[in-house]
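Using our numbering, read the sequence shown as starting at 6 and increasing by one per residue.
Have a look at the structure below, then the notes.
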Amino acid sequence: MSAKSVLLSYPWDIDRAKLTLQQLYDLWTEKKAPKLGKANQDSLRAAFKHCSALLNRPYKEIKAFEMQDTIDGCGRGYSTQGAIKNLWTHLDKFALELDIITRQYSDLLTSTAAPPTSRTVFTPGEVETLWQHAGEPWVDTVLIFVYSGWRISELLALTPEDVDLQAGTMKGGTKTKAGKGRIVPIHSKIRPLVEARLAKAGPRLICYEGDHVPVSTYRLFWREIMKRLNMSHVPHECRHTFETRLDSAGGNRRCIDLLMGHVSKDTGNRVYNHKTLAELQATVELLTI
């Protein structure tokens, strides 16, 4: 039975005893994967390549130890192992929904734990140094990072249309449902920097030679700045600094989660009314570094 015929017969006429891993995955890709974020979809798609030895096995016959073997034998680190484990969880849930299995073996799987994070925030002294060198190439972008909390890909994707100077906000975001389309007020300290970037009238807020900046290219600029200013940070530590400083300043957790694009039990449906925007603005301005 082809994956296409399985799709056409969904959900009533599937021969559950014979449905293979490949067929279940193809069906899951059509029915469930589109509801996930693009980054998550890409991660699970890559993880599936490590399950090739089981592609033609009827799914209901695959045992926990065989699933575990795909994790232990992948030859990769904690990230890939976690993605494979995550994939089996998704497939098991789908198979359970289709009455293909009665027990989720994925609950028994293990993967290498992520190592402790070594992220460090920018100190007040380092931020002051950045301001002292704000007129030097690309240093303004580091400051925009620190005072807005965007991910590197999110900041580099912002267009002039995403910036509303009248409302004093930026709108963007990627990766997760909670992170997409979120609004981040422009901190008063970086407004002149944002305005200067907009005045260049490029296709993105941050451009290089009149075009968008690939993340790989920006990282080269970043390393040069860190070396020149005698600092040791990665771009994501700007985001970490933003969240940590707001939390230390007593920022409202719901507002911080909205600004960061995090899922929170307090964020509700994330409706941005005037009160919410005012609260977000007040929260952002708690950054006094």
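Backbone N, C-alpha and C define an ideal beta-carbon position, used for all residues, glycine too.
Inset, instruction - Please state if the CB of S111 and the CB of W93 are separated by a distance shorter than 7 angstroms. - result: One-based indexing of the sequence shown puts residue 93 at position 88. One-based indexing of the sequence shown puts residue 111 at position 106. The answer is yes: Cβ separation under 7 angstroms.
Legend entry - Residue from L292, I157, R250, A172 with nearest C-alpha to P240: Along the sequence shown, one-based indexing puts residue 240 at 235. When only C-alpha atoms are compared, the closest one is I157.
Inset, instruction - Starting from the N-terminal side, write out each stretch of the alpha helix (DSSP H) that is 4 residues or longer and does not extend beyond the stretch 151-206. - result: 157-162, 196-203
Inset, instruction - Could you tell me whether the stretch 95-110 touches the stretch 53-72, using the rule of 3 or more Cβ pairs below 8 angstroms? - result: yes
Inset, instruction - Take every Cβ of the stretch 160-168, pair it with every Cβ of the stretch 206-215, and state whether three or more of those distances are shorter than 8 angstroms. - result: yes
Inset, instruction - Using the DSSP secondary-structure output, state which residues sit across from T25 in a beta bridge. - result: In the sequence shown, the residue the question calls residue 25 occupies position 20. Partner(s): P63.
Inset, instruction - Leaving out five residues on either side along the sequence, give the residues of the same chain with a beta carbon under 8 angstroms from the beta carbon of H192. - result: As a position in the sequence shown, residue 192 is number 187, starting the count at 1. Hits under 8 angstroms: Y152, S153, V289, E290, L292.
Inset, instruction - Evaluate K54 with the Cβ neighbour count: other Cβ atoms within 10 Å of its Cβ, from every protein chain shown; 16 or more gives buried, anything less gives exposed. - result: Translated into positions along the sequence shown, residue 54 becomes position 49. The residue is exposed, with fewer than 16 neighbouring Cβ atoms inside 10 Å.
Inset, instruction - Have a look at L24 and N91 and give me their C-alpha separation to the nearest angstrom. - result: Residue mapping note: residue 24 aligns to position 19 of the sequence shown, counting from 1. Residue mapping note: residue 91 aligns to position 86 of the sequence shown, counting from 1. Distance between the alpha carbons of L24 and N91 is about 20 angstroms.
Inset, instruction - Could you tell me the boundaries of the alpha helix (DSSP H) in which S57 lies? - result: Within the sequence shown, the letter at position 52 stands for residue 57. Note, S57: premise wrong, no alpha helix (DSSP H); not H, not E.
Legend entry - Neighbourhood of V168 by C-beta, 7 angstroms cutoff - its chain only, sequence neighbours within 5 removed: By 1-based counting over the sequence shown, the position of residue 168 is 163. Taken in chain order, the residues that qualify are M175, V199, L203, L210.
Legend entry - Nearest-angstrom Cα separation, counted from R81 out to A44: Within the sequence shown, residue 44 is the residue found at index 39, counting from 1. Within the sequence shown, residue 81 is the residue found at index 76, counting from 1. Between A44 and R81, the C-alpha separation is close to 19 angstroms.
Legend entry - Separation of D20 from E71, as counted between CA atoms: If you number the sequence shown from 1, residue 71 lands on position 66. If you number the sequence shown from 1, residue 20 lands on position 15. Those two C-alpha atoms are separated by around 22 angstroms.
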